[in-house]
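What follows is a set of notes on a single structure, which appears directly below.
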Amino acid sequence: MSGRLRNSNMNDYKLLQLQDAHSCINQRANIIAVVLEFGLPKTTKGTDCCCTLRLIDETHHQTGMSVNFFIENAESLPYVAAAGDIIQLSNVTLRTHIPEVNAVFYKNTSSFALYRGNDDDFVPYQGYSKVFIRHEDKIRISSLRKWLVNFQIPADSSDFPMLREIKEGHFNLAGKILHCWEPLKDNWSVYVWDGTDTPPNAITSMLEDEINHPLPLQLESVPLPRDVLCTLPTVGSILRVAFELPIEKNHLNVFKSGKWVQFINIRLKVYAGLWYGVFTSHSKLRHTPNENHLITERQRLYDDRILLKSGNMPIGSIPQSIDNLPESLRITEVNHDRVRHLTLMDVLTHSEVTAKFKCVVRVVAATPYQAEKFCTPAGKYRMRLTLEDPTARIHAFVVDEDGETLFDGYPGSLYVKRKLNRLLGVTECDSIVVNDRPRNPPWVSVCIKSYYVIKTDVWGSRNFRIFDTKIVDSPN
DNA sequence: TTGGGG
Numbered sequence: 010m011s012g013r014l015r016n017s018n019m020n021d022y023k024l025l026q027l028q029d030a031h032s033c034i035n036q037r038a039n040i041i042a043v044v045l046e047f048g049l050p051k052t053t054k055g056t057d058c059c060c061t062l063r064l065i066d067e068t069h070h071q072t073g074m075s076v077n078f079f080i081e082n083a084e085s086l087p088y089v090a091a092a093g094d095i096i097q098l099s100n101v102t103l104r105t106h107i108p109e110v111n112a113v114f115y116k117n118t119s120s121f122a123l124y125r126g127n128d129d130d131f132v133p134y135q136g137y138s139k140v141f142i143r144h145e146d147k148i149r150i151s152s153l154r155k156w157l158v159n160f161q162i163p164a165d166s167s168d169f170p171m172l173r174e175i176k177e178g179h180f181n182l183a184g185k186i187l188h189c190w191e192p193l194k195d196n197w198s199v200y201v202w203d204g205t206d207t208p209p210n211a212i213t214s215m216l217e218d219e220i221n222h223p224l225p226l227q228l229e230s231v232p233l234p235r236d237v238l239c240t241l242p243t244v245g246s247i248l249r250v251a252f253e254l255p256i257e258k259n260h261l262n263v264f265k266s267g268k269w270v271q272f273i274n275i276r277l278k279v280y281a282g283l284w285y286g287v288f289t290s291h292s293k294l295r296h297t298p299n300e301n302h303l304i305t306e307r308q309r310l311y312d313d314r315i316l317l318k319s320g321n322m323p324i325g326s327i328p329q330s331i332d333n334l335p336e337s338l339r340i341t342e343v344n345h346d347r348v349r350h351l352t353l354m355d356v357l358t359h360s361e362v363t364a365k366f367k368c369v370v371r372v373v374a375a376t377p378y379q380a381e382k383f384c385t386p387a388g389k390y391r392m393r394l395t396l397e398d399p400t401a402r403i404h405a406f407v408v409d410e411d412g413e414t415l416f417d418g419y420p421g422s423l424y425v426k427r428k429l430n431r432l433l434g435v436t437e438c439d440s441i442v443v444n445d446r447p448r449n450p451p452w453v454s455v456c457i458k459s460y461y462v463i464k465t466d467v468w469g470s471r472n473f474r475i476f477d478t479k480i481v482d483s484p485n
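Residue numbers (our numbering): 10 to 485.
Right, dumping it as structure tokens:
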């Protein structure tokens with residue numbers, strides 16, 4: 010190669026800063042920038058798979074610039090490992106997409122390499138088509154790394170509602186990834202937590218159907234294995250996030266347990282009274298450093314919460330003071346005033362099978378529901394309640410003398426049914442029960458006993474029952 | 001070619 014040609018090649022090589030992108034429309038460019046957020050691979054109407062990354066640099070960090078990648082297989086699309094990782098793009102084409110400028114990565118002409126943001130080497134952890142790294146590329150990567158140390162992505166708390174504030178629709182969420190697994194083949198689920206409780210939902214299931222079509226205890230068709238369950242926090246709701254599109258293994262690595270992330274434009278829905286999220290083809294993920302102010306704020310709120318005596322009570326049920334109990338917490342009386350309330354996740358993850366707890370729950374279903382079937386032919390109580398709090402659902406039985414305590418003896422089926430309806434939040438109009446309306450069970454305090462049925466299989470035969478709990482007579 | 005963002 011002649012000296013002249015080498016010189017001209019060196020002079021031709023230019024790195025484009027994002028602020029200058031608008032001046033290179035329809036031209037090819039080389040860019041080194043920080044990945045702000047990224048979507049997961051999706052299929053297109055053409056022959057390739059596509060994903061979109063949004064990039065920032067020190068010249069353009071308010072909205073950044075998006076890059077669309079078109080590559081024939083999903084595995085080759087970039088999977089961004091951590092917050093602040095840096096991407097080197099060569100030969101991408103700039104296009105206008107009013108009002109923005111974006112870049113397009115074409116599989117035949119472009120190449121990329123991904124570098125760690127918090128390292129000091131220049132070894133990419135993923136790439137497509139060999140990228141040659143020049144001295145000026147290294148300088149650029151180093152200067153972006155330096156810039157990132159003191160840069161914080163502006164994130165307004167009001168753009169990121171907490172789980173306690175969610176509604177059905179599309180929102181951003183900031184939460185900690187707790188777990189990622191595949192309960193059924195090709196059906197991945199990510200568990201997300203922010204230390205607050207999701208709001209309770211109205212229950213629309215028919216009580217008559219509970220025996221044949223019981224309200225589910227969890228969204229998964231297979232419950233989490235106990236060893237995993239026991240690693241999860243027992244305070245605060247855990248949102249299950251599903252994927253609208255099939256997801257490929259490499260891209261699941263972006264959901265690392267223990268890491269906080271920001272979900273952009275995630276869909277929130279309710280099924281059978283249970284909240285869940287959907288990562289759609291329009292959702293994006295932002296890795297978030299643990300020292301991000303949004304994260305430290307949420308972590309501090311949680312730390313303050315668990316220091317409180319009421320920390321394990323559902324957020325919506327916490328009394329202002331002992332003399333100012335919410336009306337619903339007066340519906341039941343429990344025999345153990347001084348015992349601290351625990352969550353249903355505390356109950357589920359307790360280390361012993363035989364144990365007693367006090368919890369604030371909603372009774373979301375009951376079976377049998379016909380007043381004449383509350384008792385066995387021998388005249389003893391035998392029914393099953395479904396209890397819910399912001400952390401879990403369980404079945405709890407009401408049996409024999411515990412039923413006598415709960416319903417105050419055997420006051421007759423009309424009165425027993427009326428008492429049960431108060432727990433269930435069923436509307437009664439002149440004693441005629443309105444069954445086809447959604448019910449909104451109140452928060453009530455109950456004592457729960459955990460026990461086993463089969464001595465040789467104590468965990469496998471673990472059951473729960475209500476005890477030492479009485480439904481107080483209605484004031485009217 | 002394909003899709004982007006609001």
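Beta carbons are placed, not taken as given, at the ideal position from N, Cα and C, and that holds for glycine. Here the structure is a predicted model, which means the values were calculated and not measured.
Which residues in the same chain as R276 place their Cβ atom closer than 7 Å to its Cβ, once the five residues preceding and following it in sequence are excluded? Numbered from its first residue, the first sequence carries residue 276 at position 267. If we look at R276 and ignore the five residues flanking it on each side, its Cβ neighbours are H179, G286, V287, T289.
Simplified DSSP state of V201, which is helix, strand or coil: For the purposes of this step, residue 201 is identified with residue 192 of the first sequence, where counting begins at 1. Three-state DSSP puts V201 in a strand.
Residue range of the alpha helix (DSSP H) that includes M354: In the first sequence, counting from the first residue as 1, residue 354 sits at position 345. Here the alpha helix (DSSP H) through M354 covers 353-358.
For the beta strand (DSSP E) containing W284, name the first residue and the last one. Taking the first residue of the first sequence as 1, we reach residue 284 at position 275. 283-288 is the span of the beta strand (DSSP E), which, as asked, contains W284.
Cα separation between L123 and L103? On the first sequence, residue 123 is found 114 positions in, with the first residue counted as 1. On the first sequence, residue 103 is found 94 positions in, with the first residue counted as 1. The alpha-carbon atoms of L123 and L103 are separated by roughly 20 Å.
What distance in whole Å lies between the Cβ atoms of V348 and K367, which are believed to be in contact at a cut-off of 8 Å? For the purposes of this step, residue 367 is taken as residue 358 along the first sequence, with counting starting at 1. For the purposes of this step, residue 348 is taken as residue 339 along the first sequence, with counting starting at 1. Yes, they are in contact, since the Cβ atoms of K367 and V348 sit about 5 Å apart, within 8 Å.
Just mark I480 as buried or exposed, buried being the case when its beta carbon has 16 or more other beta carbons within 10 Å. Counted from its first residue, the first sequence places residue 480 at position 471. Looking at its Cβ environment, which holds 16 or more other Cβ atoms inside 10 Å, I480 is buried.
Backbone CA spacing between V76 and S32 [nearest angstrom]: As a first step, residue 76 is located in the first sequence; it is residue number 67 there, counting from the start. As a first step, residue 32 is located in the first sequence; it is residue number 23 there, counting from the start. Roughly 16 Å between the two C-alpha positions.
Whole-angstrom distance between H404 and E191, CA atom to CA atom: Working through the first sequence from its first residue, we reach residue 191 at position 182. Working through the first sequence from its first residue, we reach residue 404 at position 395. Going by the C-alpha atoms only, they are around 25 Å apart.
Euclidean distance between Cα positions of I6 and R393: This structure gives no information on residue 6, because the portion of the chain shown stretches from 10 to 485.
Quick check on R173: does DSSP put it in helix, strand or coil? The residue you call residue 173 lines up with position 164 of the first sequence. R173: helix per DSSP, three-state reduction.
CB L303 to CB C189, shorter than 8 Å? The count along the first sequence starts at 1 and reaches residue 303 at position 294. The count along the first sequence starts at 1 and reaches residue 189 at position 180. Contact flag unset, no.
Alpha-carbon spacing of M10 relative to K293, whole angstroms: Position 1 of the first sequence, counting from 1, holds the residue named residue 10. Position 284 of the first sequence, counting from 1, holds the residue named residue 293. The predicted position of M10 is uncertain, since its pLDDT is 39 and thus under 50; a value taken from the coordinates is nonetheless stated next. If you take the alpha carbons of M10 and K293, they lie about 46 Å apart.
Measure the alpha-carbon distance for I34 versus Q161 and round it to whole angstroms. Looking up residue 34 in the first sequence gives position 25. Looking up residue 161 in the first sequence gives position 152. Their backbone Cα atoms lie some 29 Å apart in a straight line.
What is the DSSP secondary structure of R427, counted as helix, strand or coil? As a position in the first sequence, residue 427 is number 418, starting the count at 1. Of the three classes helix, strand and coil, the one that applies to R427 here is helix, per DSSP.
Which of the three DSSP states, helix, strand or coil, is assigned to H404? On the first sequence, residue 404 is found 395 positions in, with the first residue counted as 1. In this structure, H404 counts as strand in the three-state DSSP scheme.
Is DSSP giving N259 helix, strand or coil here? Working through the first sequence from its first residue, we reach residue 259 at position 250. DSSP places N259 in helix when its eight states are reduced to three.
Go ahead and label D206 buried or exposed: buried means 16 or more other beta carbons lie within 10 angstroms of its beta carbon, across all protein chains shown. Numbered from its first residue, the first sequence carries residue 206 at position 197. Classification of D206: buried, given that the 10 Å Cβ count is 16 or more.
Using the Cα positions of M322 and Y134, report the straight-line distance between them to the nearest angstrom. Numbered from 1 along the first sequence, position 313 holds the residue referred to as residue 322. Numbered from 1 along the first sequence, position 125 holds the residue referred to as residue 134. Rounded to whole angstroms, M322 to Y134 spans 45 Å at the Cα level.
Helix, strand or coil, according to DSSP, for R143 in the structure here? Position 134 of the first sequence, counted from the first residue, corresponds to residue 143. In the structure shown, R143 sits in coil (DSSP, three-state: anything other than H, G, I, E or B).
Check F264 in the structure and name its three-state DSSP category. Position 255 of the first sequence, counting from 1, holds the residue named residue 264. If DSSP states are grouped into helix, strand and coil, F264 belongs with coil.
Could you check whether A374 and L216 sit closer than 8 Å to each other, using their CB atoms as the reference points? If you number the first sequence from 1, residue 216 lands on position 207. If you number the first sequence from 1, residue 374 lands on position 365. Yes, the Cβ-Cβ distance between L216 and A374 is below 8 Å.
Look at the alpha carbon of A281 and the alpha carbon of F121, and state the distance between them as a whole number of angstroms. As a working mapping, residue 281 is identified with position 272 in the first sequence. As a working mapping, residue 121 is identified with position 112 in the first sequence. The straight-line gap from Cα to Cα measures roughly 45 Å.
Output the distance between the C-alpha atoms of T52 and K176, rounded to the nearest integer angstrom. Here the question's residue 52 lines up with position 43 in the first sequence. Here the question's residue 176 lines up with position 167 in the first sequence. Taking the straight line from one Cα to the other gives about 29 Å.
Beta-carbon proximity list for D355, same chain, < 6 Å, skipping 5 on both sides: As a working mapping, residue 355 is identified with position 346 in the first sequence. Excluding positions up to five away in sequence, the list reads T243.
Taking all protein chains shown into account, do 16 or more other C-beta atoms lie within 10 angstroms of the C-beta of P87, making it buried, or fewer, making it exposed? One-based indexing of the first sequence puts residue 87 at position 78. P87 comes out buried.
K268 and I148 - do their beta-carbons sit closer together than 8 Å? Numbered from 1 along the first sequence, position 139 holds the residue referred to as residue 148. Numbered from 1 along the first sequence, position 259 holds the residue referred to as residue 268. No, they are not a contact pair.
Look up W452 in the DSSP assignment and say whether it is helix, strand or coil. For this step, residue 452 is matched to residue 443 along the first sequence. Correct three-state label for W452: coil.
Alpha carbon to alpha carbon, how far is N259 from D195? Give it in angstroms, no decimals. Within the first sequence, numbered from 1, the residue matching residue 195 stands at position 186. Within the first sequence, numbered from 1, the residue matching residue 259 stands at position 250. For D195 and N259, the distance between alpha carbons rounds to 14 Å.
Expressed to the nearest angstrom, what Euclidean distance is found between the alpha-carbon atoms of N82 and S167? As a position in the first sequence, residue 82 is number 73, starting the count at 1. As a position in the first sequence, residue 167 is number 158, starting the count at 1. Spanning the two alpha carbons is a distance of roughly 37 Å.
Helix, strand or coil, according to DSSP, for L182 in the structure here? For the purposes of this step, residue 182 is taken as residue 173 along the first sequence, with counting starting at 1. Correct three-state label for L182: strand.
Less than 8 Å between C-beta atoms, sequence neighbours within five positions excluded: which residues of the same chain meet that for H350? Start at 1 with the first residue of the first sequence, and residue 350 comes out as number 341. Once the five neighbours on either side are set aside, the close Cβ partners of H350 are S319, N321, M322, K367, C368, V369, S454.
Three-state secondary structure (DSSP) at K54? To locate residue 54, count along the first sequence from 1; it is residue 45. Reduced to three states, the DSSP call for K54 is coil.
Whole-angstrom Cβ separation of P235 and S198, contact assumed at under 8 Å? In the first sequence, counting from the first residue as 1, residue 235 sits at position 226. In the first sequence, counting from the first residue as 1, residue 198 sits at position 189. Reading the sequence as shown, one finds Arg at residue 235 and not Pro. Actually they do not touch by this definition, with Cβ atoms about 17 Å apart.
In angstroms, rounded to a whole number, what distance separates the CA positions of F451 and V372? Numbered from 1 along the first sequence, position 442 holds the residue referred to as residue 451. Numbered from 1 along the first sequence, position 363 holds the residue referred to as residue 372. Per the sequence shown, the amino acid found at residue 451 is Pro instead of Phe. Those two C-alpha atoms are separated by around 8 Å.
Could you give the distance in angstroms between the alpha-carbon of E300 and the alpha-carbon of Q308? Within the first sequence, the letter at position 291 stands for residue 300. Within the first sequence, the letter at position 299 stands for residue 308. In a straight line, the C-alpha of E300 is about 10 Å away from that of Q308.
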